[in-house]
Amino acid sequence: MSASNLDPKACCCPPAEPMTEDPAEARGPRSRLLRYLGMGPPLLVAWILFYVSLESLAKFLTYRVLGLPAHEHLSHAVEFFVFETPKVVLLLTLVVFGVGIVRSFFTPERTCRVLAGKRESAGNVLAALLGVVTPFCTCSAVPLFIGFVTSGVPLGVTFSFLISAPMVNEIAVVLLLGLFGWKVAVVYMSTGLLVAVTAGWVIGRLSMERHLEEWVLELRTSPACVAEDARTWADRIEYGGQAVREIVGKVWVYVVLGIAVGAGIHGYVPEGLLASFMGKSAWWSLPLAVLLGVPMYSNAAGIIPVVHALLEKGAALGTALAFMMAVIGLSLPEAVILRKVLKPRLIGVFFGAVAAGILVVGAVFNFLL
Numbered sequence: 244m245s246a247s248n249l250d251p252k253a254c255c256c257p258p259a260e261p262m263t264e265d266p267a268e269a270r271g272p273r274s275r276l277l278r279y280l281g282m283g284p285p286l287l288v289a290w291i292l293f294y295v296s297l298e299s300l301a302k303f304l305t306y307r308v309l310g311l312p313a314h315e316h317l318s319h320a321v322e323f324f325v326f327e328t329p330k331v332v333l334l335l336t337l338v339v340f341g342v343g344i345v346r347s348f349f350t351p352e353r354t355c356r357v358l359a360g361k362r363e364s365a366g367n368v369l370a371a372l373l374g375v376v377t378p379f380c381t382c383s384a385v386p387l388f389i390g391f392v393t394s395g396v397p398l399g400v401t402f403s404f405l406i407s408a409p410m411v412n413e414i415a416v417v418l419l420l421g422l423f424g425w426k427v428a429v430v431y432m433s434t435g436l437l438v439a440v441t442a443g444w445v446i447g448r449l450s451m452e453r454h455l456e457e458w459v460l461e462l463r464t465s466p467a468c469v470a471e472d473a474r475t476w477a478d479r480i481e482y483g484g485q486a487v488r489e490i491v492g493k494v495w496v497y498v499v500l501g502i503a504v505g506a507g508i509h510g511y512v513p514e515g516l517l518a519s520f521m522g523k524s525a526w527w528s529l530p531l532a533v534l535l536g537v538p539m540y541s542n543a544a545g546i547i548p549v550v551h552a553l554l555e556k557g558a559a560l561g562t563a564l565a566f567m568m569a570v571i572g573l574s575l576p577e578a579v580i581l582r583k584v585l586k587p588r589l590i591g592v593f594f595g596a597v598a599a600g601i602l603v604v605g606a607v608f609n610f611l612l
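Counting in the working numbering, the sequence shown runs from 244 upward without gaps.
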């Protein structure tokens with residue numbers, strides 16, 4: 244048989260390509276990376292200069308441009324809003340960009356592969372940590388949770404991810420750092436991870452796989468291999484920019500609305516009023532805060548500015564953190580979506596375990612602080 248009669252499609256390997264490489268294509272990723280690295284320092288300097296001038300700019304706009312009198316309720320509310328809004332957006336943009344680059348290493352398929360086959364204790368910790376760097380709110384994390392379950396990832400491990408992804412993420416970090424400082428941010432992040440790990444471990448120990456819906460049990464298989472990520476560093480920087488456009492573009496409205504509500508509380512709610520029903524002395528305030536938080540579905544961008552204002556007006560830190568965790572980590576829409584894959588008893592155990600963890604966290608911090 245002559246070479247001309249050979250069918251290339253019948254071969255196992257594709258026809259050989261010429262060995263020459265397009266110089267423009269070869270230089271593409273490198274030139275893009277150099278361009279991005281050249282743009283980085285000037286943009287970072289501009290970011291820092293704008294950030295450090297926010298306080299004086301807020302006072303100038305409030306009292307000079309708008310002409311509002313000092314020591315008035317409206318003045319305090321406007322100054323709070325004008326200062327906090329750009330500060331949070333600036334922090335959000337910088338951190339989302341950085342975390343976006345990190346996320347480029349953690350595709351859903353790779354995350355599933357990393358979690359599959361891990362022992363539950365190590366898997367719970369790893370799943371909670373991976374939840375921090377995955378771009379999912381409560382409801383959008385559920386489809387990925389379903390994918391993990393059907394791929395053979397242990398049930399308790401998947402729940403650790405489901406709890407951590409919406410409750411402990413870069414948006415929460417940014418808002419907590421900007422509004423509360425690093426101490427409260429560390430407290431929230433560490434306790435949020437602890438709740439995710441513990442609740443997931445408890446659910447795993449209960450061996451409740453039989454409370455998955457039948458169609459999920461039928462689909463459960465061994466995790467499939469996934470292709471390696473071929474992104475270059477230029478691609479990862481572009482992925483970070485895309486994360487800023489997508490995430491900040493979606494949550495900025497919640498940031499503005501949350502800070503607006505917080506500004507109203509900051510300017511008009513009398514000092515100490517909230518201490519009467521969200522302070523340490525009211526024993527019932529902690530469980531009430533968790534109960535009120537569950538139906539109030541929101542993300543971190545919308546609720547954290549409100550919690551900031553509540554703390555300023557006398558709410559206890561533990562109660563405020565518990566309220567925030569309940570709003571972000573538990574929601575009725577989440578329960579509705581989970582019902583497609585979980586039977587009611589498992590949903591109840593999930594909500595109960597998370598709520599119990601949140602109550603313990605709130606009680607500990609109310610006692611210690």
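Idealized CB from N, CA, C, for every residue including glycine.
In this text the structure is predicted, and so the values were computed from the model without any measurement.
- Taking every protein chain shown into account, the CB of Thr475 has fewer than 16 other CB atoms within 10 angstroms, so this residue is exposed.
- Taking each of Phe303, Val339, Gly443 in turn and checking the Cα distance to Arg479, the smallest one comes out for Val339.
- In this model, Leu436 and Gly281 are separated by some 37 Å (Cα to Cα).
- Look at Leu369 here: in three-state DSSP terms it is helix.
- The beta-carbon separation of Ile590 and Leu581, rounded to 6 Å, stays under the 8 Å limit for a contact.
- Cβ-Cβ separation between Ala486 and Gly374: approximately 16 Å, too far for a contact (criterion under 8 Å).
- With a beta-carbon spacing of about 6 Å, Met410 and Met568 fall inside the 8 Å limit used to define contacts.
- Contact check between the region 487–501 and the region 310–321: fewer than three CB pairs, one atom from each, fall below 8 Å, which does not count as touching.
- Here the region 553–560 makes no contact with the region 590–600; the two share fewer than three CB pairs at distances below 8 Å.
- For the pair Gly510 and Val400, the Cα-to-Cα distance works out to about 44 Å.
- For the alpha helix (DSSP H) assignment, the uninterrupted runs of no fewer than 4 residues enclosed by the region 279–310 are, from N- to C-terminal side, 297–302.
- Residue Tyr482 holds the alpha-carbon nearest to the alpha-carbon of Tyr279 among Ala301, Tyr482, His551, Leu369.
- Taking the Cβ atoms as the reference, Val368 lies roughly 6 Å from Val440, within the contact range of under 8 Å.
- DSSP links Leu585 through a beta bridge to Leu455.
- With respect to Leu500, Gly545 sits close: the two C-beta atoms are nearer than 9 Å.
- Pairing Val584 with Gly447, the inter-Cα distance amounts to about 16 Å.
- In this structure, DSSP gives Lys426 a helical state, which the three-state scheme calls helix.
- Just so you know, the alpha carbons of Trp425 and Glu461 end up roughly 46 Å apart.
- With 16 or more other Cβ atoms inside 10 Å of its own Cβ, His551 counts as buried.
- Judged by their CB atoms, Val533 and Ala563 are not nearer to each other than the 9 Å cut-off.
- Counting only runs of 4+ residues, the alpha helix (DSSP H) found wholly inside the region 477–555 occupies 492–511, 518–521, 528–536, 543–555, in chain order.
- Counting along the chain, no alpha helix (DSSP H) covers Pro312, and no H or E run does either.
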